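Trainee:
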Amino acid sequence: MKNSTLTKSLIVFLAIIALSACTEEKKKRIINFPETDLATENLIPKPMKMIPTNGGFALDQFTAIYTTKNSGYEDVGNFLAEKIKGKTDLDVQVNVAEIPGMETVIYINQSDSLELNTPEAYQLYITQDSVILNSNTAEGAFRGIQTIRQLIPEASSDSLAAYPIWTIPTGKIIDSPQFEYRGSMLDVARHFFSVEDVKKYIDLLAYYKYNVLHLHLTDDQGWRIEIKSWPLLTEVGGSTEVGGEAGGFYTQEEYKDIVAYAAERHVLIVPEVDMPGHTNAASVSYPILNGNGKKPELYEGTQVGKSTFDTRKDTVYAFIDDVVREISAITPGPYFHIGGDESHVTKKNDYIYFVERVEKIVQKHGKRMIGWDEIGQADIDSTSISHFWSSKKNALNAVAKGMKVIMSPAKKAYLDMEYDTLSKHGLHWAAYIPTDTAYIWTPETYEGIPLENILGIEAPLWSETISDIGELEYLAFPRAIGYSELSWSTPENRDWENYKVRLANQAPFLDRMNVKYYPSPLIDWKKSKYSYKEIEKD
Ligand code: TNX
């Protein structure tokens, strides 16, 4: 008995000696690190305030994460540990009992006393021994850990050492977003994208602190969400896509899976059912809905403005009630997008009558209506939201009603616009949008929409010209990275020359994530495996 107790004590003693030797060794290496500068790190979006202290925090196998003990914060801690593992292969423990020698700690704390009282605000205090992340909410903590992820270098400081260290620069970051709505839209109707593709897009958006993914679920070419009370929508309307391929749709279980995956990343899903135009797929499935006087047939082309619901038929509203009810029941977010764009074959009076009636249905199911800017012509509530894409007049009409506006001007924010005449994918009816044009504009003052009415910014990705994840990535990246900064940071904090360098340094992350971004020649990409010259050679 005695002997075994003695042996145990000896083992513990030796372990402590060994660990403290490691930490001594580590301290020596930290002291030898070159000076760091938090202010020149390649963070996107750029934080509001950074105060560098020019030291180094050592992330290594002796680092642990401790969080406030509630499930939201613990989830954030586990998410960070998983991402650290992916980048460095370190196994960082979360909320374990203290172990001697484990002396660098990342604390993720719920705190009510932040200088900034917005739900997504966070503060980071990084010293040699600890990283302290404070936020009011788990959502704020989640935004904060994206900053930590971006601060971890791609390679360890000393790859030859027995205990490699990833040095994080010390200092203080005070951060909070300018806009509460920072989104992208994915058109899964013109071409269908799998659950897996959507999840990858969500992962990339979350890394850049986006908080909304708007899914354009229905259009002339396809209906992509199961509606149990109207099963032909997906059976017939989901059966094709642009170009005549097989199409597809999400079952309600799959949609819930996307919603849950997004929620784990504090990203909200905004579902869109586009109507009364863009409804050919619905009308082919149930011709009773159709209002354009023609026999509907499956459509695989890319023209717009030919379809409409019959806005004067009660069955149409009974149908919409079912659709909004079923989708709202599996959408925890507050918004329901009714489309409402380009209803060129709906008479103006009918259009207005339709939007006003559908607004009531959306509200009945507990959601706030969003619609493309044309809805500003109708007499709708100040709680509804105008999605500005084309008409300044319509957007200002909405502002006059006290409505909020989401900024997606096609000339500046459309991810499906070609970069230039050499673009492999995309359209150019609104503009060519090279990487600098996408970044150098001021949503805060664009077209005279008052700043206090702007809910946020969204970058829509229409999919007429793209049919797989690689093509999606080509149009979305790098421009979507710029829109994250436009929606998070204030104008004083944005500068193309400075941004361009930070963007160049996203290449290792994008490559590691296997993102086939467009290697814009305007950017001096860091060690990018898709260099522009190589692409030109193909
Ligand atoms: C206009 S933007 C549309 C979409 C197209 C897009 C292509 C909007 C509200 N309607 O139906 O896909 O242009 O860029």
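According to this note's numbering, the sequence shown is numbered sequentially starting from 175. Backbone N, C-alpha and C define an ideal beta-carbon position, used for all residues, glycine too. Computed from a prediction, not measured in an experiment: that's the story for all the values here.
Among the candidates 371, 628, 351 and 338, whose CA atom is the shortest distance from the CA of residue 315?
Mentor: Nearest of 371, 628, 351 and 338 to residue 315, Cα basis: 351.
Trainee: Is it buried or exposed, residue 452, if we count other Cβ atoms within 10 angstroms and call 16 or more buried?
Mentor: Buried, since its Cβ has 16 or more Cβ neighbours within 10 Å.
Trainee: On a CA-only basis, which of 358, 313 and 301 is nearest residue 630? Give me that one, please.
Mentor: The shortest Cα separation from residue 630 among 358, 313 and 301 belongs to 358.
Trainee: Checking 8 Å against the spacing of the C-beta atoms, do residue 295 and residue 283 come in under that value?
Mentor: no
Trainee: Under 7 Å: does the beta carbon of residue 584 sit that close to some heavy atom of ligand 3?
Mentor: Because ligand 3 does not appear in the structure shown, any question about it cannot be addressed here, the ligands present being ligand 1.
Trainee: Do you know whose CA, among 531, 520, 577 and 537, lies nearest residue 547's CA?
Mentor: 577
Trainee: Checking contacts by CB at 8 Å: is residue 231 closer than that to chain D?
Mentor: Here there is only one protein chain, and chain D is not present.
Trainee: Pick out whichever of 475, 401, 444 and 230 has its Cα sitting closest to the Cα of residue 414.
Mentor: 475
Trainee: Within the same chain, show all residues whose beta-carbon is closer than 7 Å to that of residue 441, passing over the 5 residues directly before and after it, in chain order.
Mentor: 376, 379, 380, 384, 385, 386 and 387
Trainee: Would you mind stating whether residue 362 and residue 391 have Cβ atoms separated by less than 8 Å?
Mentor: By the CB criterion at 8 Å, residue 362 and residue 391 fall inside the cutoff.
Trainee: For residue 518, count the other beta carbons within 10 Å of its own beta carbon; 16 or more makes it buried, fewer makes it exposed. Which is it?
Mentor: exposed
Trainee: Mind checking residue 465: buried by the 16 CB within 10 Å criterion, or exposed?
Mentor: buried
Trainee: Taking one C-beta from the region 336 to 343 and one from the region 206 to 225 each time, how about it: are there three or more such pairs within less than 8 Å?
Mentor: Output reads yes: the region 206 to 225 touches the region 336 to 343.
Trainee: Beta-carbon separation of residue 479 and residue 516 under 8 Å?
Mentor: Result yes, Cβ atoms of residue 479 and residue 516 sit closer than 8 Å.
Trainee: Taking 7 Å as the cut-off, is the beta-carbon of residue 570 closer than that to any non-hydrogen atom of ligand 1?
Mentor: No, since every heavy atom of ligand 1 falls outside the 7 Å radius drawn around the Cβ of residue 570.
Trainee: Determine the DSSP secondary structure at residue 357, reduced to helix, strand or coil.
Mentor: strand
Trainee: Closer than 7 Å by C-beta to residue 303: which residues in its own chain qualify, once you throw out the five before and the five after it? Chain order, please.
Mentor: 277 and 278
Trainee: Terminal residues of the continuous beta strand (DSSP E) containing residue 444?
Mentor: First-last of the beta strand (DSSP E) with residue 444: 442 to 446.
Trainee: Is the closest heavy atom of ligand 1 to the C-beta of residue 546 under 7 Å?
Mentor: yes
Trainee: Count the CB pairs spanning the region 594 to 603 and the region 618 to 633 that are closer than 8 Å, and state whether there are at least three.
Mentor: no
Trainee: State the Cα-Cα distance for the pair residue 614 and residue 563, rounded to the nearest angstrom.
Mentor: 18 Å
Trainee: So, is residue 686 buried or exposed, given that buried needs 16 or more other C-beta atoms within 10 angstroms?
Mentor: Counting Cβ neighbours within 10 Å, residue 686 comes out exposed, since fewer than 16 surround it.
Trainee: Hey, is residue 509 close to ligand 1, as in C-beta under 7 Å from one of its heavy atoms?
Mentor: no
Trainee: Counting along the chain, where does the beta strand (DSSP E) carrying residue 130 start and finish?
Mentor: Past the boundaries of the shown model lies residue 130; the chain is included only from 175 to 712, so the question cannot be answered.
Trainee: Measure the Cβ-Cβ separation of residue 366 and residue 397 and say whether it is below 8 Å.
Mentor: no
Trainee: Run through DSSP, which three-state label would residue 545 get?
Mentor: Strand at residue 545.
Trainee: Are there any heavy atoms of ligand 1 lying less than 7 Å away from the beta-carbon of residue 263, as far as the coordinates show?
Mentor: no
Trainee: What I want to know is whether the C-beta of residue 657 ends up closer than 7 Å to one or more non-hydrogen atoms of ligand 1.
Mentor: no
Trainee: Any idea if residue 349 is buried or exposed, counting beta-carbon neighbours within 10 angstroms, 16 or more meaning buried?
Mentor: It counts as buried.
Trainee: With DSSP as the reference, label residue 562 as helix, strand or coil.
Mentor: strand
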